[in-house]
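Data block below; observations after.
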């Protein structure tokens, strides 16, 4: 944790954990895991979640498919490894 109380956590999403999985290339993204956790708590067990991020973009989009479709975009952080 640094002086601004920011911690670096590595999360690897493997294809085996998903019914359908597609990742064209590896991406490193920095995001607020508290915000992501709050979004994911709104999802039901049978809902479909699609994460979309474009190269060079500063946002990631979470698309939730259930009885009502919902799409939420979240700003990403620039992560630099020194």
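Residue numbers (the numbering used here): 23 to 104.
Each residue gets a CB set at the ideal place from its N, CA and C atoms; glycine is no exception.
All of these numbers come straight from a predicted model, not from anything done at the bench.
Worksheet item: Of all the options 86, 25, 37, which has the alpha carbon lying nearest to the alpha carbon of residue 66?
Response: 86
Discussion item. Based on DSSP bridge pairs, tell me the residues matched to residue 41.
Written reply: Residue 41 pairs with nothing; no bridge assigned.
Worksheet item: So what does DSSP say about residue 73, is it helix, strand or coil?
Response: Assigned with DSSP and collapsed to three states, residue 73 falls in strand.
Discussion item. Between the alpha carbons of residue 29 and residue 80, how many angstroms are there, rounded?
Written reply: 19 Å
Worksheet item: In its own chain, which residues sit with a C-beta less than 7 Å from the C-beta of residue 104, not counting the 5 before and 5 after it?
Response: Its pLDDT being 45, under 50, residue 104 is placed unreliably in this model, and the value from its coordinates should be taken loosely. The answer is none, since no qualifying residue turns up.
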